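J.: Dropping the structure in here first, questions after.
In my numbering, the protein residues as written are 6 to 187.
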């Protein structure tokens with residue numbers, strides 16, 4: 006009996022809430038509605054979409070870091086890691102250079118779109134995928150210091166930055182990523 010009474014009370018409490026949330030009837034004038042503070046804010050603030058692909062993230066980062074230049078947007082056919090679009094892989098990938106890195110020594114013998122020349126962006130379906138990839142990459146850097154790099158994750162985005170940059174320069178990337186995706 007108590008469950009029945011609780012069910013009736015819950016139903017009676019929900020009826021007024023449902024009535025308040027229903028859409029206005031077609032008889033009312035839509036211009037007669039009131040404007041809320043949130044409506045005014047959304048009209049005043051420009052709508053900025055969050056970057057969704059590696060190319061969009063890289064382009065947004067380049068707007069904040071002038072030394073960054075997008076060099077490659079990878080496809081499933083030319084992805085050197087063979088992870089683009091594959092199970093547990095990223096959904097998009099890009100590479101960039103940073104003009105503050107001199108192309109000499111070890112950097113000179115790397116391939117054109119190698120992370121050592123600047124960095125890269127990998128976008129995953131979720132943060133867990135991006136973090137797993139970051140941990141995988143960092144294990145190589147611990148075992149072979151030549152492969153070390155700066156890695157930053159925000160949401161499903163992994164930003165890989167060359168170890169050739171100073172910690173202060175790499176921090177610029179971390180800050181820019183948070184600004185772009187924050």
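All C-beta atoms in this analysis are idealised placements derived from N, C-alpha and C, irrespective of residue type, glycine included.
Just so it is clear, the structure is predicted and the values come from calculations on it, not from any experiment.
Of the residues 171, 147, 86, which one's Cα is nearest the Cα of residue 107?
T.: The shortest Cα separation from residue 107 among 171, 147, 86 belongs to 171.
J.: In three-state terms, what does DSSP make of residue 183?
T.: The answer is helix: DSSP assigns residue 183 an H, G or I state.
J.: Check whether the Cβ atoms of residue 89 and residue 181 lie closer than 8 Å to each other.
T.: No; because the gap between Cβ atoms is not below 8 Å, this pair is not in contact.
J.: Which residues bound the alpha helix (DSSP H) around residue 141?
T.: Note, residue 141: alpha helix (DSSP H), 132–148.
J.: Could you tell me whether any Cβ in chain D is nearer than 8 Å to the Cβ of residue 169?
T.: Any reference to chain D falls outside this structure, which holds one protein chain only.
J.: Residues in its own chain within less than 6 Å of residue 63 by CB, not counting five upstream and five downstream?
T.: 75, 99, 101, 126.
J.: Residue 122: which of 72, 139, 95, 157 sits nearest, CA to CA?
T.: When each option's Cα is compared against that of residue 122, the closest is 72.
J.: Enumerate in chain order the residues of its own chain whose CB-to-CB distance from residue 175 is below 7 Å, with the five nearest sequence positions on each side excluded.
T.: For residue 175, where only same-chain residues beyond five positions count, the Cβ hits under 7 Å are 155, 166.
J.: Starting from residue 163, follow the beta strand (DSSP E) in both directions and report where the run begins and ends.
T.: Here the beta strand (DSSP E) through residue 163 covers 162–167.
J.: What whole-angstrom Cβ distance do residue 162 and residue 135 have, given they're in contact under 8 Å?
T.: That belief holds up - the Cβ atoms of residue 162 and residue 135 are roughly 6 Å apart, short of 8 Å.
J.: Grouping DSSP H, G and I as helix and E and B as strand, with all else coil, what is residue 116?
T.: If DSSP states are grouped into helix, strand and coil, residue 116 belongs with coil.
J.: Could you have a look at residue 95 and say whether DSSP puts it in helix, strand or coil?
T.: In the structure shown, residue 95 sits in coil (DSSP, three-state: anything other than H, G, I, E or B).
J.: In whole angstroms, what separates the C-alpha of residue 185 from that of residue 120?
T.: Their Cα atoms are separated by approximately 20 Å.
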